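Participant: Residue numbers (UniProt numbering), protein chains in the order written: chain L, 1 to 289; chain F, 1 to 748. Note that beta-carbon positions come from the ideal geometry of N, C-alpha and C, so glycine has one too. The model shown is predicted, which means the values in this text are computed figures rather than measured ones.
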């Protein structure tokens with residue numbers, strides 16, 4: 001019933017030293033909103049490293065070029081950061097809809113990625129934004145990898161999330177579908193980043209969660225919007241593409257029939273939010289018919 | 001005379017807010033041991049081997065209990081007095097487990113952590129037996145539920161009720177429209193904040209003391225006595241503060257185990273369930289499938305109605321054998337139906353047992369009936385409010401089943417006033433709207449009982465005594481479940497004595513010090529206990545006036561009690577504190593009064609609820625956007641608490657309509673909704689703006705005209721919401737809850 005030791009380094013250097021000195025299993029905890037819930041067992045042994053007190057690991061930098069978010073930054077901080085909302089609204093929106101107030105106050109962006117839940121709310125945005133992760137390996141050395149290449153349980157620590165300026169697009173949105181408004185695990189969530197000017201879409205990137213073990217890019221849906229005019233016909237093509245994406249992702253699943261329809265509603269909400277419009281406008285209503 | 005109709009805050013509110021109130025799991029008891037249970041992972045199986053060696057080898061483990069070393073008495077956890085005849089089919093640890101979550105073994109250890117760890121080390125071999133999860137299939141597993149020696153057979157039906165009234169054939173023959181419906185209601189869970197907990201402590205005199213957050217200390221005493229084969233006088237039960245119940249703690253589940261373990265080990269023992277255990281190993285609301293066939297005249301008058309209700313009561317009888325008759329009792333109180341046939345059957349399945357849950361059959365049967373009525377209204381092209389108004393009973397109506405007078409029944413006023421406040425006439429649409437988001441409105445009426453009359457034991461005794469500090473002590477075996485019963489009843493007592501509610505000192509329910517009472521159930525607290533307390537208060541006031549009259553040399557009839565003082569007509573007087581001191585100084589016992597009240601009536605409480613919803617046709621999401629609840633409460637002793645009950649009832653009802661279902665897997669018998677991450681409740685963001693209207697016409701048999709509101713508050717909600725969804729979409733959805741999948745599937 002023992003064997004698990006806990007430590008809370010105060011500095012990154014102290015953390016790296018721990019990496020170098022520890023031979024047995026290492027696990028990380030920051031907000032603990034996934035690890036400490038009832039019914040989930042704590043690691044039986046090894047070292048549990050509390051990341052919540054490491055100076056500088058909970059920070060958001062949006063000035064200048066790339067956006068950098070420390071791995072221990074809380075979801076609440078992300079939801080409240082105006083600079084971040086101005087540059088990547090979808091991430092602020094996803095953070096605002098993640099869990100509930102209490103969860104958001106504890107949960108971190110690094111934990112949301114590392115927990116690797118299929119329905120994690122922040123991850124579709126990060127996938128659509130082609131985020132890179134600065135990780136620390138078991139040897140204490142830092143390295144970067146694309147979020148799509150991240151796999152949990154390899155002992156990497158997510159020190160920082162990097163959103164390259166090149167990956168960001170001016171319009172973005174995030175919508176989710178859960179069993180209720182707050183404190184709900186997404187049954188579907190979608191993020192969109194897009195260029196849009198003079199009624200015309202430019203580049204578009206879309207990713208969705210809860211359609212497989214990991215959030216997926218939706219290439220058919222991207223093609224349906226990219227380079228097109230905003231009109232009912234485009235939106236109808238977009239909805240057809242979203243339906244096709246569901247059919248391809250979860251063929252034969254009991255949830256397929258529902259999700260292939262529900263995703264059309266989410267899709268309209270997504271585009272409307274990205275463009276600062278209401279899905280109740282006639283344009284969107286017409287597309288829904 | 002200033003305590004009635006006042007928004008008095010909860011008398012225990014400050015203690016709760018400051019944490020001063022100690023719940024069962026917070027109590028410090030010297031030498032306390034901790035129990036942890038091993039629950040079945042199989043829905044129906046014979047336990048062929050239990051290996052306890054590894055658990056017993058853990059340091060700090062005192063004992064492992066299982067069917068081999070515990071009493072095998074059959075008992076029924078729903079009985080409410082010792083010696084009550086009821087189908088006894090439950091055992092502390094059955095050799096044949098009957099649902100996932102049934103009790104297999106328990107470890108008692110120095111700490112909960114050790115006990116839970118050791119419980120995980122117990123190896124159990126099961127021999128699977130055929131399991132039934134479908135109540136209609138269960139009907140085929142037929143036979144008498146008891147053998148000649150009163151041992152249970154677990155054959156179906158467990159119980160049934162049939163009622164025929166009037167000329168059914170003639171009614172249907174005269175009908176212009178006959179509507180047939182099938183409605184199913186889900187298994188929902190109470191979700192009280194406090195999970196189940198119990199402490200038992202052996203006493204020096206050989207008795208056992210049980211500290212239990214319960215709804216009746218006498219029920220706990222009776223059930224523990226039956227399970228352990230102990231005489232009731234060997235068992236003392238004290239009610240501890242309760243962190244919500246809604247019926248979930250009406251039946252003692254942990255108490256027999258705790259009591260036995262404590263007696264065996266000669267140490268106090270606590271068991272407290274975690275959330276998963278409370279979901280899977282306690283009780284749920286029964287699910288009911290109802291078939292209803294109703295014949296209507298051209299004017300909307302109900303001419304004949306035929307109902308068949310199949311009740312899934314789960315693995316053990318508990319109080320499930322009462323459900324078919326309980327539902328009938330509630331059904332026949334709402335509308336004036338000249339010809340009625342009702343048949344209800346309760347069946348066992350290999351699922352978690354059903355039990356009491358706010359309304360006890362009323363939400364099920366009224367949901368079935370009110371959804372059916374709305375479907376009929378639509379098919380007739382008739383306004384649902386008008387259809388109900390045409391058929392509702394009125395004051396002085398006699399219900400046909402038990403022949404009871406329904407009292408000052410004001411369901412019509414609820415409907416009329418509610419419809420006006422809601423703006424029903426302008427909002428109800430016969431056709432469906434256009435576009436993705438559809439709005440619709442729905443209405444449902446409901447009635448409920450006030451106590452158990454004419455059932456036996458519907459009486460209670462209240463004692464009030466003047467205290468030396470001028471306050472009054474109330475002894476009445478009261479069980480406040482967190483809804484404010486203690487506050488309301490204190491207001492009633494205080495009103496009779498010229499005191500404030502906070503001047504009433506309530507003695508916690510205790511089998512050793514309180515007279516027998518049925519407990520908090522059947523919407524009886526205000527109506528039954530309140531009347532006993534009112535009568536005791538009137539009697540105590542008379543005694544106090546008599547005593548004061550002697551002190552003041554004034555005729556008692558010239559005195560009144562006001563603001564803690566006995567006043568003369570000339571405004572002179574004596575405070576109750578001074579009066580008590582004078583009496584005490586002369587060795588005179590302080591005035592006391594005891595009154596027993598046996599119910600003579602069981603009037604109906606009535607309500608009409610109105611909901612507006614918005615439905616997203618693409619995602620199937622339903623949002624309740626507006627709500628009006630009109631309630632006939634006779635007279636509101638405390639309007640704030642009445643409104644609180646109604647708000648809470650609406651929260652439960654919206655969940656019942658849209659979200660809540662423990663969702664037993666029909667292949668494995670496992671509960672899918674066994675945690676708060678998988679069982680969806682309506683949270684604050686789901687709650688609509690609510691307007692409450694109180695119809696206060698007074699019930700002559702109730703204390704100060706009051707009737708019950710606790711249970712009825714949740715009864716019409718689900719039907720109102722479902723009817724609103726059907727109105728929005730032009731559908732006839734009848735399978736609850738209306739999950740987004742069901743909504744989308746119905747739209748096609």
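Closer than 7 Å, CB to CB, is residue 177 of chain L near chain F or not?
Facilitator: With 7 Å as the cut-off, residue 177 of chain L counts as an interface residue toward chain F.
Participant: Taking three-plus beta-carbon pairs below 8 Å as touching, is the segment 209-218 of chain F in contact with the segment 39-47 of chain F?
Facilitator: Result no; under three Cβ-Cβ pairs closer than 8 Å.
Participant: Using only alpha-carbon positions, find the residue among L:32, L:139, L:10 and L:150 that is nearest to residue 132 of chain L.
Facilitator: If we check each option's Cα against that of residue 132 of chain L, L:150 comes out closest.
Participant: Mapping the DSSP letters down to three states, classify residue 390 of chain F as helix, strand or coil.
Facilitator: Looking at residue 390 of chain F - three-state DSSP - the assignment turns out to be helix.
Participant: With a 10 Å radius around its C-beta and 16 neighbouring C-beta atoms as the bar for buried, classify residue 1 of chain L as buried or exposed.
Facilitator: Bear in mind that a pLDDT of 42 at residue 1 of chain L, under 50, signals an unreliable position, so the number given afterwards is only what the model happens to contain. Exposed, since its Cβ has fewer than 16 Cβ neighbours within 10 Å.
Participant: Are the C-beta atoms of residue 618 of chain F and some chain L residue less than 7 Å apart?
Facilitator: Yes, residue 618 of chain F counts as interfacial toward chain L.
Participant: Is the beta carbon of residue 675 of chain F sitting closer than 7 Å to the one on residue 276 of chain F?
Facilitator: The answer is yes: Cβ separation under 7 Å.
Participant: Just tell me which of F:178, F:126, F:608 and F:318 has its CA closest to the CA of residue 159 of chain F.
Facilitator: Checking every option, the nearest Cα to that of residue 159 of chain F belongs to F:318.
Participant: If you drop the 5 nearest sequence neighbours on each side, which residues of the same chain put their C-beta closer than 7 Å to that of residue 43 of chain L?
Facilitator: Only 4, 25 and 27 meet the Cβ criterion.
Participant: Is the beta carbon of residue 760 of chain F less than 7 Å from the beta carbon of residue 647 of chain F?
Facilitator: As shown, chain F starts at 1 and ends at 748. That puts residue 760 of chain F outside it, with no answer to give.
Participant: Kindly identify the DSSP beta-bridge partner or partners of residue 238 of chain F.
Facilitator: For residue 238 of chain F, which the question treats as bridged, DSSP gives the partners F:211 and F:510.
Participant: Which residues share a DSSP beta bridge with residue 229 of chain L?
Facilitator: Paired residue(s): L:200.
Participant: Output the residue ranges of the beta strand (DSSP E) runs that lie fully inside the segment 609-644 of chain F and measure 3 residues or longer, sorted by chain position.
Facilitator: Listed in chain order, they are 622-632.
Participant: Does DSSP put residue 264 of chain L in a helix, in a strand, or in coil?
Facilitator: If DSSP states are grouped into helix, strand and coil, residue 264 of chain L belongs with the helices.
Participant: Check the DSSP bridge columns for residue 34 of chain F and list the partner residues they point to.
Facilitator: Note: residue 34 of chain F sits in a beta bridge opposite F:109 and F:270.
Participant: Go ahead and pull the three-state DSSP assignment for residue 450 of chain F.
Facilitator: The answer is coil: DSSP assigns residue 450 of chain F none of H, G, I, E or B.
Participant: Considering only their Cβ atoms, is the gap separating residue 71 of chain L from residue 159 of chain L smaller than 7 Å?
Facilitator: Going by C-beta atoms, residue 159 of chain L is nearer than 7 Å to residue 71 of chain L.
Participant: Assign residue 751 of chain F to one of three DSSP states: helix, strand, or coil.
Facilitator: This structure cannot speak to residue 751 of chain F, because chain F is shown only from 1 to 748.
Participant: What are the start and end residues of the beta strand (DSSP E) that includes residue 160 of chain L?
Facilitator: First-last of the beta strand (DSSP E) with residue 160 of chain L: 157-163.
Participant: Which same chain residues, not among the five before or five after residue 204 of chain L, have their C-beta less than 6 Å away from its C-beta?
Facilitator: Correct list, in chain order: 194, 222, 225 and 226.
Participant: Taking the CB atoms as reference points, tell me whether residue 359 of chain F and residue 309 of chain F lie closer together than 7 Å.
Facilitator: In this structure, residue 309 of chain F does not lie closer than 7 Å to residue 359 of chain F by Cβ.
Participant: I need the straight-line Cα distance from residue 119 of chain L to residue 142 of chain F, nearest angstrom please.
Facilitator: Spanning the two alpha carbons is a distance of roughly 46 Å.
Participant: Under 7 Å Cβ-Cβ, which residues of chain F neighbour residue 126 of chain L?
Facilitator: Within chain F, no residue comes near residue 126 of chain L; the closest Cβ sits about 23 Å away, beyond 7 Å.
Participant: Mind checking the segment 679-696 of chain F against chain L and listing, in chain order, the residues whose C-beta falls within less than 9 Å of any C-beta there?
Facilitator: Residues passing the 9 Å Cβ filter: 680, 681, 682, 683, 684, 685 and 686.
Participant: For residue 79 of chain L, which residues in the same chain have their Cβ closer than 7 Å to its Cβ, ignoring the five residues on either side in sequence?
Facilitator: Within the same chain, residue 79 of chain L has close Cβ partners 92, 95, 96 and 104.
Participant: Out of F:287, F:94, F:134 and F:18, which has the shortest C-alpha to C-alpha gap to residue 48 of chain F?
Facilitator: Closest by alpha carbon: F:94.
Participant: Which residues, in order along the segment 137-151 of chain L, keep a beta-carbon less than 7 Å from a beta-carbon of chain F?
Facilitator: Listed in sequence order: no entries.
Participant: By how many angstroms is the C-alpha of residue 432 of chain F removed from the C-alpha of residue 490 of chain F?
Facilitator: One C-alpha to the other measures close to 50 Å.
Participant: Can you tell me where the beta strand (DSSP E) holding residue 704 of chain F begins and where it ends?
Facilitator: From DSSP, residue 704 of chain F is part of no beta strand (DSSP E); its letter is neither H nor E.
Participant: Which residues in chain F have a C-beta closer than 8 Å to the C-beta of residue 264 of chain L? List them in chain order.
Facilitator: Residues of chain F passing the Cβ test: 618.
Participant: Would residue 379 of chain F be called buried (16 or more neighbouring beta carbons within 10 Å of its own) or exposed?
Facilitator: Answer is exposed; the Cβ neighbour count stays below 16.
Participant: Would you say the beta carbon of residue 589 of chain F comes nearer than 6 Å to a heavy atom of the ligand SAH?
Facilitator: As presented, the structure is devoid of all ligands, the ligand SAH included, so that no description of it is given.
Participant: If distances are taken between C-alpha atoms only, which option among F:363, F:621, F:285 and F:383 comes closest to residue 664 of chain F?
Facilitator: Closest option to residue 664 of chain F, Cα to Cα, is F:285.
Participant: Residue 5 of chain L lies in the beta strand (DSSP E); which residues open and close that run?
Facilitator: Residues 4-7.
Participant: If you draw a straight line from the alpha carbon of residue 450 of chain F to that of residue 270 of chain F, how long is it in whole angstroms?
Facilitator: For residue 450 of chain F and residue 270 of chain F, the distance between alpha carbons rounds to 35 Å.
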